[in-house]
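Comments concern the structure below.
There are 6 protein chains.
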Amino acid sequence: MFRHQKNLQFEVKVDSPDPMLARQVQEVLGGQFGEMTVMMQYLFQGFNCRGEEKYKDMLMDIGTEEIGHVEMLCSLISQLMDGASPEDQSRAAEDPAMAAIMGGINPQHLLVSGLGGLPTNSNGVPWNGSYIVASGNLLADMRSNLHAETQGRLQVSRLYHMTKDEGVRATFRKMLARDRYHQYQWMAAIQELEEKNGVVVPASFPPEAELESQEEAYKFWNLSEGEESGQGPWANGTAPDGTGDFVYVSNPEPKGQVPKPKIPADHLHHDLGKHLVKNQQ
Amino acid sequence: MFRHQKNLQFEVKVDSPDPMLARQVQEVLGGQFGEMTVMMQYLFQGFNCRGEEKYKDMLMDIGTEEIGHVEMLCSLISQLMDGASPEDQSRAAEDPAMAAIMGGINPQHLLVSGLGGLPTNSNGVPWNGSYIVASGNLLADMRSNLHAETQGRLQVSRLYHMTKDEGVRATFRKMLARDRYHQYQWMAAIQELEEKNGVVVPASFPPEAELESQEEAYKFWNLSEGEESGQGPWANGTAPDGTGDFVYVSNPEPKGQVPKPKIPADHLHHDLGKHLVKNQQ
Amino acid sequence: MFRHQKNLQFEVKVDSPDPMLARQVQEVLGGQFGEMTVMMQYLFQGFNCRGEEKYKDMLMDIGTEEIGHVEMLCSLISQLMDGASPEDQSRAAEDPAMAAIMGGINPQHLLVSGLGGLPTNSNGVPWNGSYIVASGNLLADMRSNLHAETQGRLQVSRLYHMTKDEGVRATFRKMLARDRYHQYQWMAAIQELEEKNGVVVPASFPPEAELESQEEAYKFWNLSEGEESGQGPWANGTAPDGTGDFVYVSNPEPKGQVPKPKIPADHLHHDLGKHLVKNQQ
Amino acid sequence: MFRHQKNLQFEVKVDSPDPMLARQVQEVLGGQFGEMTVMMQYLFQGFNCRGEEKYKDMLMDIGTEEIGHVEMLCSLISQLMDGASPEDQSRAAEDPAMAAIMGGINPQHLLVSGLGGLPTNSNGVPWNGSYIVASGNLLADMRSNLHAETQGRLQVSRLYHMTKDEGVRATFRKMLARDRYHQYQWMAAIQELEEKNGVVVPASFPPEAELESQEEAYKFWNLSEGEESGQGPWANGTAPDGTGDFVYVSNPEPKGQVPKPKIPADHLHHDLGKHLVKNQQ
Amino acid sequence: MFRHQKNLQFEVKVDSPDPMLARQVQEVLGGQFGEMTVMMQYLFQGFNCRGEEKYKDMLMDIGTEEIGHVEMLCSLISQLMDGASPEDQSRAAEDPAMAAIMGGINPQHLLVSGLGGLPTNSNGVPWNGSYIVASGNLLADMRSNLHAETQGRLQVSRLYHMTKDEGVRATFRKMLARDRYHQYQWMAAIQELEEKNGVVVPASFPPEAELESQEEAYKFWNLSEGEESGQGPWANGTAPDGTGDFVYVSNPEPKGQVPKPKIPADHLHHDLGKHLVKNQQ
Amino acid sequence: MFRHQKNLQFEVKVDSPDPMLARQVQEVLGGQFGEMTVMMQYLFQGFNCRGEEKYKDMLMDIGTEEIGHVEMLCSLISQLMDGASPEDQSRAAEDPAMAAIMGGINPQHLLVSGLGGLPTNSNGVPWNGSYIVASGNLLADMRSNLHAETQGRLQVSRLYHMTKDEGVRATFRKMLARDRYHQYQWMAAIQELEEKNGVVVPASFPPEAELESQEEAYKFWNLSEGEESGQGPWANGTAPDGTGDFVYVSNPEPKGQVPKPKIPADHLHHDLGKHLVKNQQ
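Chains as they are written, first to last, in the working numbering: chain G, 110 to 390; chain S, 110 to 390; chain E, 110 to 390; chain H, 110 to 390; chain P, 110 to 390; chain F, 110 to 390.
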């Protein structure tokens with residue numbers, strides 16, 4: 110069960126409204142790596158978590174923090190939209206400067222939400238559940254979490270330079286600091302889990318089943334012209350878990366068959382009649 | 110520019126058809142972490158890659174390999190569907206065993222694709238572009254790649270146990286080996302990039318701008334009841350880049366204001382008339 | 110079966126083209142509460158309607174009217190786009206005023222539809238079937254209908270002030286009048302159905318099954334800090350159907366267990382090995 | 110800012126696992142009117158709320174409660190999936206009873222979430238932001254809220270009869286009781302707002318602008334054959350706000366023009382060449 | 110403006126209910142090429158049509174017919190679902206035959222629509238606006254229409270064999286006949302337009318602009334191993350409009366540059382620092 | 110299996126960056142008929158192809174070519190975005206000309222992709238799998254292919270006039286030439302298949318089953334007011350396959366019943382109680 114406190118986690122302040130920026134901020138609210146994503150991702154991972162309590166508790170801590178980040182961004186967008194009105198559009202017809210602003214805003218901030226934040230990205234595409242991951246494998250999910258915080262901080266960093274408003278920037282700085290911590294957090298958790306389970310997910314796949322195809326687990330297939338890719342650590346040396354050495358295959362040949370699928374039953378209404386079927390075994 | 114060879118990368122063989130399995134296999138073809146995702150993700154990262162050639166070349170190598178994995182999975186699904194026909198459904202009305210199978214198949218494998226693979230997941234949801242990431246930041250993207258291969262191998266591992274068909278299992282073993290290598294590959298690349306750039310993405314955000322909010326970059330906010338989360342390495346010790354020590358905040362208090370947004374212009378047609386607006390400053 | 114008459118239901122007139130407004134108008138054509146939504150919603154409710162003929166007939170009347178509203182809005186958008194051409198964009202490179210306009214238009218109005226209306230909202234997101242509701246419960250659906258007309262009229266009202274074009278405004282006035290009537294219409298139907306069935310949907314859920322948890326049906330759980338929510342009619346007095354009195358629970362405590370889910374089978378490839386599983390019963 | 114308590118709001122108990130039911134329960138978790146919808150809807154309405162504090166506080170109270178309902182349903186689904194494993198599918202190939210169960214489950218509960226709840230509906234379609242509404246108009250939004258609780262309770266009622274498991278039914282009874290209260294709650298709020306603002310949304314549209322088209326605000330257009338629709342309260346008597354009397358138009362005629370759109374610029378590459386353009390003015 | 114007649118265009122009859130078939134039928138109601146698609150496609154093409162009246166009128170005739178086909182399919186699905194109830198699921202727990210049927214039905218037919226048709230495909234994916242096409246170019250759109258009727262008739266043909274119910278089959282026969290006519294209809298229109306405009310769309314692109322790259326307009330690039338593709342009419346002989354002869358390029362070489370994109374501004378936070386940028390010009 | 114060559118198929122050159130154009134170009138990259146669509150469509154058709162080798166080989170040739178077109182467009186967009194930076198937005202607040210440009214760009218080109226191409230259309234809607242078709246019927250699919258190339262070339266033609274940049278135009282000219290050839294290619298294939306199979310898809314539907322409803326296969330139903338539609342070749346003369354003559358039905362009457370669906374089981378919680386059910390048989 111959850112509870113809400115009225116104060117925001119951090120202060121959210123806008124020195125002067127900027128409806129164009131409000132549209133951009135939607136990316137880190139309702140985009141692929143926005144706060145809605147990390148909020149829902151950590152909550153689902155926590156709700157579904159089985160096993161050791163410290164992981165579940167930690168996921169619930171941070172998932173709960175992220176609900177408050179969605180709250181902060183809605184407040185930020187509301188302040189950036191303050192004072193905007195439908196009339197701005199009709200004035201735009203006469204004034205290029207106003208037209209430029211109206212062209213840059215999200216029309217739904219006026220028409221649909223009445224100046225509030227929307228559960229969509231910076232292009233108005235609704236947030237959706239396929240942005241998030243909760244797989245029931247802790248290491249897999251914490252790699253997802255590290256990645257999400259990585260992209261999220263990258264986007265907020267870019268956004269930071271899109272404004273000179275000191276109020277907005279101060280809000281972003283808090284978010285950047287938290288995104289920094291959250292990257293640390295998942296790295297620490299990943300390191301612990303990799304030490305226990307090994308670095309390849311899932312580590313639990315039966316080793317005897319892998320034997321037959323083991324050599325393919327160390328090969329780099331050079332399928333793009335040129336051999337620059339041979340200069341990286343993925344092409345030389347030993348696998349991170351020390352189980353084998355990498356092999357750079359400069360000119361790989363396919364190992365499978367040329368597929369020859371069968372002609373289906375007539376009632377599938379393909380048009381592969383007798384005259385068309387010369388290559389069929 | 111690309112070229113196609115007729116042989117599959119690896120042999121794809123099915124001992125006996127299994128339309129229910131065909132539906133499950135769609136998850137690793139057209140799902141969130143299926144082969145379409147890694148194919149499109151690596152290609153877009155490669156197409157958009159700026160900077161050192163070895164990264165671009167490597168992305169193009171693996172992106173090109175993954176097109177061939179989509180090809181393999183389509184061949185696998187076609188073979189799993191061999192012999193299925195629309196009549197199966199009408200026979201299902203009379204035969205519970207047939208009904209059970211028909212209930213478990215994807216109706217679109219008959220109606221829409223005529224026994225072929227579909228660009229959708231195991232529930233028929235179409236693959237979409239928001240599954241992929243190509244951010245223009247190498248480290249960010251390689252964390253995404255490691256994560257995608259992690260989830261992908263996890264799903265193929267689960268799928269492996271869903272069949273006893275030795276032909277299918279042999280195909281999966283090749284894919285599992287490649288997914289193992291690809292996890293190694295991204296780990297190696299990540300290690301190299303972290304050594305050059307630091308572990309926090311983006312490392313390039315101006316340090317002086319972070320100062321003000323620096324303390325928030327090391328704090329764990331305990332927002333879920335209980336302190337089990339204090340037992341993990343994310344709550345104790347030093348940040349992975351050694352820049353500070355973690356602080357576990359047992360009972361955190363919010364630091365922001367209670368938001369008091371303004372009443373908008375009348376023509377937004379809120380219903381915040383005079384009688385309703387007592388708390389407004 | 111349906112028939113089409115060539116005249117529009119009401120006159121649609123544009124004094125002068127305005128491509129930026131055309132983009133905004135898409136919201137009330139193909140957005141969440143646009144005319145496509147009410148058209149498809151009433152038609153599906155009508156097509157699926159079982160029971161008394163007067164409801165079905167009424168749904169078909171209004172669903173049929175709404176097809177004509179989609180027609181009107183397509184005509185409106187076409188007129189707003191009249192004269193626009195691909196060259197406008199190339200001229201925009203040289204002229205800020207033109208750039209402002211081009212920035213504000215929907216590129217698909219030029220590239221995709223050739224100046225016609227699109228089945229999308231004001232941000233170009235395609236209309237989709239999850240916008241509509243047809244549940245097989247009349248009262249439930251008519252509450253949906255009242256709500257859809259409410260949001261629709263709100264959006265058209267906001268749009269009205271976005272233009273000073275008297276032709277466009279006259280068109281909107283007709284739509285606003287119809288949206289007013291349609292709100293009346295659903296209110297009248299709802300009142301009739303509530304009198305027959307009671308106000309809680311579904312009224313038909315077996316009362317004896319509700320007994321055990323009956324007290325929860327009248328409680329307000331105060332889960333956000335502060336007690337301002339205690340000042341409303343939802344926290345005081347008697348339920349609308351007179352079956353009980355509201356109770357304001359100032360400081361509610363959870364009544365459920367702390368969940369302790371089981372460790373799954375090994376072949377799900379979680380990473381909850383022995384070392385990780387201390388809290389498991 | 111938010112906080113989490115470890116106990117669930119109400120007890121969630123499953124007497125015996127039922128993977129087919131787990132799939133159906135997804136509808137009320139991640140479907141159009143599932144708990145994710147009401148949770149996100151109330152939170153966004155609360156975050157964006159401007160004006161009188163009691164409304165905002167109330168929205169935050171219930172939005173916060175609903176996060177806990179998502180938590181409860183994830184716990185319910187986890188318990189319903191307990192013991193399921195990938196091997197079930199391979200056994201299905203030999204056993205019709207097992208095949209029937211496997212046909213009825215959501216493959217993603219095994220492959221993607223490892224037995225946990227998913228942010229999708231009962232057919233696996235991801236939850237998305239266009240399910241929710243936060244318009245900045247209180248009365249409009251509370252009509253949406255009443256409607257959402259109406260559909261939600263209807264679906265839980267149907268689901269209730271899909272199981273005889275007494276543990277599951279007890280959980281549903283708590284949810285049904287809360288859905289009953291929430292319907293009451295929004296009705297009470299709506300009544301208060303309608304008394305203040307009038308019943309037509311938005312009440313604030315300038316009355317003088319409506320004059321010209323006023324008569325259309327009381328007319329029923331009979332556009333479907335038959336006059337059964339004339340028997341309802343929407344066709345007779347006085348509008349709910351007493352501003353006019355309904356008029357049933359038995360055989361309505363269109364009042365608009367036959368549209369005659371212009372031929373666009375050549376560079377739009379229509380194919381309306383000279384020979385094709387006879388009807389153009 | 111539109112009108113509705115109470116009789117269906119053709120009789121819709123089901124000899125005995127079949128909930129599994131109801132799910133499949135959703136494909137031709139709300140799938141990519143279902144009746145909702147042709148209905149909305151022809152209506153939008155008609156609403157947006159500029160130029161000669163006979164095309165617009167014809168599009169409106171058939172678009173109006175298709176609304177009635179959606180109506181017919183909703184009636185078909187309702188009849189196929191007749192008698193189904195939530196209890197069927199709870200009985201499924203005990204009875205494999207019932208489990209098989211429940212596994213095969215769409216859970217939303219019970220939970221969401223109460224036995225009515227849904228605006229979704231056979232896997233429950235909502236219909237969406239990106240299924241349709243209305244480009245403002247008549248020939249382009251009529252090729253789309255021919256194609257849509259082609260896929261639609263193919264799917265209904267497959268569906269036909271999925272049932273032995275003579276009532277259902279008779280309904281499908283009517284639809285198949287109409288889909289046959291509609292294929293004829295678009296072929297006739299296409300032939301007329303191709304005679305007037307030429308076969309390449311758009312014919313109006315300035316011929317002088319094409320000159321430079323003209324040779325590429327007749328070449329087949331053989332980019333897949335093997336030369337079987339050289340045996341078709343696309344590789345030999347003369348273009349359909351007689352403007353040139355096809356050339357089969359057996360071993361094509363790329364003609365473009367190796368792309369060398371620039372390093373972006375620092376504030377985009379790429380990680381292309383000095384050490385990483387050796388290949389940059 | 111696939112291979113990649115480093116050179117682009119054709120030269121891609123931009124004389125000067127144009128971020129607004131970059132947004133428009135997304136339509137032909139990741140839109141409904143963009144290069145991602147034809148690439149994935151031809152690859153899936155090829156992967157799933159059964160029967161005569163020359164068709165499969167040809168599909169693989171062109172599918173492989175189209176991967177390279179996606180590559181070219183990513184290169185084009187990268188060049189059009191060169192030099193853009195987050196600061197542009199903050200400068201926009203002060204400069205109308207800059208505001209106009211920023212209003213016209215896709216914010217995700219800065220925030221999400223760091224100046225690279227995105228798998229989305231010109232409004233930022235992600236590409237999705239329901240854009241493509243691979244039905245297992247060759248003639249059906251080749252009609253789809255002709256149509257896709259038709260719309261694609263139409264959109265590139267419109268885009269061509271949106272810029273005066275000679276570099277960009279030269280790139281488009283190559284694409285227009287290839288789209289011209291691809292239209293020829295599918296026409297040639299269609300003609301061959303129609304000669305073998307007949308023009309109606311699927312030709313294989315049993316003729317005896319069609320007899321009963323045969324007359325409906327030649328009738329034009331005039332359901333929109335006016336008889337202009339009677340002037341076209343679809344209303345007069347003989348069907349393209351010579352099997353019958355068209356009949357123009359000026360005033361068609363419905364042939365089906367008025368549907369009277371049954372009242373469902375009580376536990377579906379409709380509200381069709383005794384008082385509401387007068388018209389039920």
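Just so you know, even glycine gets a beta-carbon here, dropped at the ideal spot from N, CA and C.
Which two residues bound the contiguous alpha helix (DSSP H) that contains Trp295/F? Here residue 295/F refers to the residue found at position 186 when the sixth sequence is read from its first residue. Per DSSP, Trp295/F belongs to the alpha helix (DSSP H) from Glu275 to Asn306.
Given Glu334/F, which residues of its chain have a CB within under 7 Å of its CB, disregarding the five upstream and five downstream residues? By 1-based counting over the sixth sequence, the position of residue 334/F is 225. Correct list: empty, nothing qualifies.
Simplified DSSP state of Ser194/H, which is helix, strand or coil: As a first step, residue 194/H is located in the fourth sequence; it is residue number 85 there, counting from the start. Ser194/H: coil per DSSP, three-state reduction.
Residue range of the unbroken beta strand (DSSP E) whose run includes Arg112/P: By one-based count along the fifth sequence, residue 112/P stands at place 3. Here the beta strand (DSSP E) through Arg112/P covers Phe111 to His113.
Gly245/G and Leu224/H - do their beta-carbons sit closer together than 8 Å? In the fourth sequence, counting from the first residue as 1, residue 224/H sits at position 115. In the first sequence, counting from the first residue as 1, residue 245/G sits at position 136. In contact: Leu224/H and Gly245/G (Cβ atoms closer than 8 Å).
Would you give the residue range spanned by the alpha helix (DSSP H) that Phe153/G belongs to? By 1-based counting over the first sequence, the position of residue 153/G is 44. It spans Glu144 to Asn157 - the alpha helix (DSSP H) in which Phe153/G sits, taken as one unbroken run.
On the CB-based measure, 16 or more other CB atoms within 10 Å of its CB, does Leu320/H come out buried or exposed? Here residue 320/H corresponds to residue number 211 of the fourth sequence, with the count starting at 1. Counting of Cβ neighbours within 10 angstroms places Leu320/H among the exposed residues, the total staying below 16.
Since I believe Pro370/E is in contact with Arg159/G (beta carbons under 8 Å), could you give me their beta-carbon distance rounded to a whole number of angstroms? The residue labelled residue 159/G in the question sits at position 50 within the first sequence. The residue labelled residue 370/E in the question sits at position 261 within the third sequence. Contact holds; Cβ gap of about 4 Å.
Using a Cβ cut-off of 9 Å, pull out every chain H residue sitting near Phe119/P, in sequence order please. For the purposes of this step, residue 119/P is taken as the residue at position 10 of the fifth sequence. Those do not exist, as Phe119/P stays about 17 Å from chain H at its closest Cβ, beyond 9 Å.
For Val121/E, the first and last residue of its enclosing beta strand (DSSP E): The count along the third sequence starts at 1 and reaches residue 121/E at position 12. Taken as a continuous stretch (DSSP letters only), Val121/E belongs to no beta strand (DSSP E), as it is neither H nor E.
Along the chain, where does the beta strand (DSSP E) containing Val356/H start, and where does it finish? Your numbering for residue 356/H matches position 247 in the fourth sequence. Where Val356/H is concerned, the enclosing beta strand (DSSP E) stretches over Val356 to Val358.
Under DSSP, the alpha helix (DSSP H) around Asn254/P begins and ends at which residues? In the fifth sequence, counting from the first residue as 1, residue 254/P sits at position 145. Start and end: Leu247 to Tyr269.
Check whether the Cβ atoms of Leu377/H and Ser194/E lie closer than 8 Å to each other. Translated into positions along the fourth sequence, residue 377/H becomes position 268. Translated into positions along the third sequence, residue 194/E becomes position 85. Result yes, Cβ atoms of Leu377/H and Ser194/E sit closer than 8 Å.
Please list, in chain order, all residues of the same chain as Asp355/G whose beta carbon is under 8 Å from its beta carbon, the five residues on each side excluded. For the purposes of this step, residue 355/G is taken as residue 246 along the first sequence, with counting starting at 1. Looking at the sequence provided, one finds Phe at residue 355/G rather than Asp. So the list reads Tyr327, Lys328, Phe329, Trp343, Ala344, Asn345, Gly346, Thr347 and Ala348, once near-sequence residues are dropped.
Assuming Glu120/H and Gly365/E make a contact with CB atoms under 8 Å, what is their CB distance in whole Å? Taking the fourth sequence and counting its residues from 1, the one referred to as residue 120/H is at position 11. Taking the third sequence and counting its residues from 1, the one referred to as residue 365/E is at position 256. Confirmed, about 4 Å.
Neighbouring residues, chain H, relative to Gln217/S (Cβ below 9 Å): As a first step, residue 217/S must be located in the second sequence, where it is residue number 108. Contact annotation for Gln217/S against chain H: no contact, minimum CB-CB distance about 12 Å [criterion: below 9 Å].
Find the residues of chain S that neighbour Thr272/P, judging by a C-beta separation of less than 8 Å, and give them in chain order. Working through the fifth sequence from its first residue, we reach residue 272/P at position 163. Against chain S, the beta carbon of Thr272/P has neighbours under 8 Å at Gln198, Ser199 and Ala202, listed in chain order.
Along the chain, where does the alpha helix (DSSP H) containing Ala208/P start, and where does it finish? Indexing the fifth sequence from 1 puts residue 208/P at position 99. Where Ala208/P is concerned, the enclosing alpha helix (DSSP H) stretches over Pro205 to Gly213.
When the Cα atoms are used, what is the spatial distance from Pro311/P to Ile241/P? Within the fifth sequence, numbered from 1, the residue matching residue 311/P stands at position 202. Within the fifth sequence, numbered from 1, the residue matching residue 241/P stands at position 132. The straight-line gap from Cα to Cα measures roughly 19 Å.
Comparing the C-beta of Ser184/F with each C-beta of chain H, is any distance below 8 Å? As a working note, residue 184/F is residue 75 in the sixth sequence. No - not a single Cβ of chain H is within 8 Å of the one on Ser184/F.
Option in Ile171/P, Val358/P and Gln141/P with minimal Cα separation from Gln154/P: The residue labelled residue 154/P in the question sits at position 45 within the fifth sequence. Looking at the Cα atoms, Ile171/P is the closest of the given residues.
Buried or exposed: where does Glu136/H fall if 16 or more other Cβ atoms within 10 Å of its Cβ makes it buried? As a first step, residue 136/H must be located in the fourth sequence, where it is residue number 27. Per the 10 Å Cβ criterion, buried.
Using a Cβ cut-off of 8 Å (strictly closer), state whether Pro177/E contacts chain P. Here residue 177/E refers to the residue found at position 68 of the third sequence. Note on residue identity: the sequence assigns Gly, not Pro, to residue 177/E. Taking Cβ atoms only, chain P reaches closer than 8 Å to Gly177/E, which makes this a yes.
Taking all protein chains shown into account, do 16 or more other C-beta atoms lie within 10 angstroms of the C-beta of Asn360/E, making it buried, or fewer, making it exposed? Position 251 of the third sequence, counted from the first residue, corresponds to residue 360/E. Exposed, since its Cβ has fewer than 16 Cβ neighbours within 10 Å.
Could you pull the DSSP bridge partners for Phe329/S from this structure? To locate residue 329/S, count along the second sequence from 1; it is residue 220. Phe329/S is bridged to Tyr357/S.
Buried versus exposed call for Gly341/F [16 or more other C-beta atoms within 10 Å across all chains shown]: Reading the sixth sequence from its first residue, position 232 is the one you call residue 341/F. With 16 or more other Cβ atoms within 10 Å, it is buried.
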